[in-house]
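Each residue of the first sequence is one higher than the one before, counting from 279 in this note's numbering. We put the beta carbon where it would ideally sit given N, CA and C, even for glycine. Right, one structure below, let's go through it.
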Amino acid sequence: MPEIPGEIMSEPVVTRFAPSPTGYLHIGGGRTALFNWLYAKRHGGKMLLRIEDTDRERSTPAAIEAILDGLKWLGLEWDGDAIYQFARAERHREVAKEMLAKGCAYKCFATPEELEAMREKAKAEGKPMRYDGRWRDRSAADIAEAEAKGLKPVIRLKAPQQGETVIDDLVQGRVTWANENLDDLVLLRSDGNPTYMLAVVVDDHDMAVTHVIRGDDHLTNAARQSQIYEAMGWKIPAFAHIPLIHGSDGAKLSKRHGALGVEAYRAMGYLPEALRNYLVRLGWSHGDQEIFSTEEMVSLFDLKNVGRSPARFDFAKLENLNGHYMRQTSDEALMAAIDVLLPHIEGGPELAERLTPERRAQWIKAMPGLKERAKTLLELVDGARFIDAARPLALDEKAKDILAKGGAVLGPLLARLESLPEWSVEALEGAVRAEAEAQGVKLGALAQPLRAALTGRSTSPGIFDVFVVLGREESLARIRDQVS
RNA sequence: GCUCCCAUCGUCUAGAGGCCUAGGACACCCGCCUCUCACGUGGGUAACAGGGGUUCGAAUCCCCUUGGGAGCGCCA
């Protein structure tokens with residue numbers, strides 16, 4: 279366990295990621311999970327996973343699956359089994375009853391209409407919209423009377439009315455609320471089910487969570503939750519509210535600008551390590567360093583260097599980072615990443631079927647030239663299309679143009695190549711250069727028509743590499759197709 | 001409306017009173033390299049939201065304004 283100066287290591291660090299399965303794992307959730315994971319790893323602790331599925335209407339098994347799948351793809355494995363919040367409802371009820379018994383909670387029979395009227399009134403008076411506490415100090419007789427009428431109460435927290443509630447947030451600093459602005463929140467609904475506010479506190483306590491790292495949108499919840507901890511006499515965990523991620527236009531993240539499930543990033547051809555690196559730099563920094571291996575992130579990550587202002591999602595930077603990681607990845611590993619990707623993209627399964635051992639060998643051989651020209655795996659796959667393109671090749675517009683203008687050089691070139699004793703980059707380059715010299719033209723005047731003939735395009739990896747990847751027979755055949 | 005949070009290049013950020021003529025990265029522009037496109041490499045454009053303080057000195061501390069964001073449910 280690493281020694282952390284200034285921190286007491288008597289208690290093992292426990293963080294948790296607590297998504298609600300009402301949709302996919304979006305990019306902001308992914309970053310929250312990453313920060314929790316890094317913090318836990320950094321301190322030799324654990325990151326737990328809790329599925330907040332108490333909203334039975336909106337929670338779906340498919341969403342749960344998508345979240346687990348997304349986390350695994352991102353490489354953020356949690357410790358132990360995932361905990362399902364709904365399964366713990368009985369314990370939440372118990373705690374609510376206990377609070378009732380202790381006198382720090384009370385039954386409230388206010389109707390939805392009454393509540394609505396309170397909000398209207400508060401709005402009209404320019405006051406905070408809050409419950410007015412009308413059942414807070416009712417007599418036992420009043421309560422008995424309401425119950426006799428068959429009314430079902432909610433249980434509300436008897437929150438402090440004076441003083442302030444303070445949290446020392448590890449990211450946002452000290453945040454203070456006047457208690458008069460906080461009302462008596464509902465702990466247990468009239469149908470006997472716990473509210474989120476209660477469930478979170480009980481679960482975090484029972485799970486021995488020491489650090490609650492979550493989105494900034496929960497900052498105000500922290501005040502109310504700390505009141506529940508106080509009421510129960512439980513130790514309040516450290517809070518760290520990290521700023522939200524916005525879209526490229528500064529507005530709330532929508533599907534248009536990146537609020538996609540992480541599986542969408544997989545389908546767009548991003549590498550999980552690149553996404554992790556991109557995400558960790560959104561909000562967190564370590565001086566001027568931009569590139570972090572996972573090991574470096576783990577050893578360097580801290581909450582102190584997480585910024586307090588929201589960040590915008592920028593695809594251009596993600597792409598750049600992804601390109602960087604692709605270039606650093608071995609040819610074999612990239613091939614493996616493509617294998618993972620193919621089932622998730624259009625036309626991928628068909629392509630996978632065509633990947634015979636021979637084809638794979640060609641891909642691997644082409645990989646060095648391919649990977650430095652691609653920013654995503656999708657581009658990599660696209661760049662490799664020439665490998666198994668069917669003859670005669672379909673030419674794109676630019677390739678057609680090149681051949682129309684300079685295709686005449688191919689005839690004499692073909693003769694020279696056909697008599698080449700050895701099919702290597704060196705031999706091919708020597709031959710083509712010699713031919714260029716013989717024709718009194720620059721190398722480019724021959725390379726471009728060759729590229730068009732061999733790949734059907736105007737851009738490709740180095741032309742001599744293309745020759746070698748394709749092999750003698752296929753290369754010569756493709757050139758002949760264009761000569762005749 | 002009320003409460004809370006935030007504010008450095010287009011974007012991500014460094015900066016914790018003098019080291020700042022505000023640094024790095026992405027993007028963009030101009031070169032070099034070169035068989036194309038990339039990669040690599042050299043250079044360039046570009047920011048402390050505004051106004052008041054505090055201080056010998058402020059991007060850094062305080063206040064106000066403005067601008068963003070979040071929350072205000074018997075949703076999570």
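C-alpha distance - residue i paired with residue j, whole-angstrom precision
i: E713; j: W562; result: 56 Å
i: L706; j: L732; result: 14 Å
i: Q363; j: T473; result: 11 Å
i: K513; j: R638; result: 58 Å
i: P670; j: P627; result: 24 Å
i: G353; j: R309; result: 12 Å
i: A360; j: P299; result: 13 Å
i: V576; j: L327; result: 19 Å
i: E573; j: L316; result: 10 Å
i: E289; j: A486; result: 10 Å
i: V480; j: G428; result: 29 Å
i: V719; j: A611; result: 40 Å
i: D527; j: R590; result: 8 Å
i: E751; j: L698; result: 12 Å
i: I286; j: G625; result: Confidence is the limiting factor: at I286 the pLDDT is only 47, short of 50, which leaves the residue's position unreliable, though a coordinate-based value still follows. Rounded to whole angstroms, I286 to G625 spans 55 Å at the Cα level.
i: A667; j: V687; result: 23 Å
Proximal residues to residue i (C-beta, below 6 Å), its chain only, five neighbours per side dropped
i: G441; result: N457
i: L463; result: L435, M475 and R502
i: K765; result: The requested residue 765 does not occur in the structure, where the chain is confined to residues 279 to 762.
i: I741; result: A725, L728 and R729
i: C772; result: For residue 772 there is no data in the structure shown, the boundaries of the chain being 279 and 762.
i: E673; result: The sequence given here places Leu at residue 673; Glu does not occur at that position. If we look at L673 and ignore the five residues flanking it on each side, its Cβ neighbours are G734.
i: A516; result: L448 and H489
Three-state secondary structure (DSSP) of residue i
i: F664; result: helix
i: W315; result: helix
i: K676; result: helix
i: I569; result: coil
i: V480; result: helix
i: P823; result: What is shown of the chain runs 279 to 762, which leaves residue 823 out entirely.
i: D609; result: helix
i: P472; result: strand
i: M485; result: coil
i: E700; result: coil
i: G525; result: coil
i: R729; result: helix
i: E442; result: strand
i: F591; result: coil
i: F579; result: coil
i: A714; result: helix
i: D462; result: coil
i: K350; result: helix
i: K385; result: strand
i: T310; result: helix
i: R492; result: strand
i: R694; result: helix
i: G684; result: helix
i: Y543; result: helix
First and last residue of the uninterrupted beta strand (DSSP E) at residue i
i: I520; result: A516 to I520
i: A456; result: G451 to A456
i: L303; result: Taken as a continuous stretch (DSSP letters only), L303 belongs to no beta strand (DSSP E), as it is neither H nor E.
i: R434; result: V432 to L435
Burial state of residue i (16 or more Cβ within 10 Å)
i: Q760; result: buried
i: N459; result: exposed
i: Q439; result: exposed
i: D469; result: exposed
i: P635; result: exposed
i: P297; result: buried
i: P739; result: buried
i: R663; result: exposed
i: A630; result: exposed
i: G734; result: buried
i: A402; result: exposed
Neighbourhood of residue i by C-beta, 8 Å cutoff - its chain only, sequence neighbours within 5 removed
i: T607; result: L549, A615 and K649
i: L466; result: H370, R371, A374, V432, I433, P472, T473 and L476
i: A501; result: T443, I445, V453, W455 and L460
i: A755; result: R669
i: M613; result: R638, W641, I642 and M645
Where the alpha helix (DSSP H) through residue i begins and ends
i: R328; result: Premise fails: R328 lies in the beta strand (DSSP E), K324 to I329, not in any alpha helix (DSSP H).
i: K649; result: P635 to K649
i: A400; result: P390 to E403
i: T498; result: L497 to M510
i: R758; result: R750 to V761
Close Cβ partners of residue i (< 7 Å) along its chain, the five nearest in sequence each way excluded
i: Q640; result: I665 and V747
Any non-hydrogen atom of the ligand MN closer than 8 Å to residue i Cβ
i: K678; result: No copy of the ligand MN occurs in the structure displayed, which carries no ligand at all.
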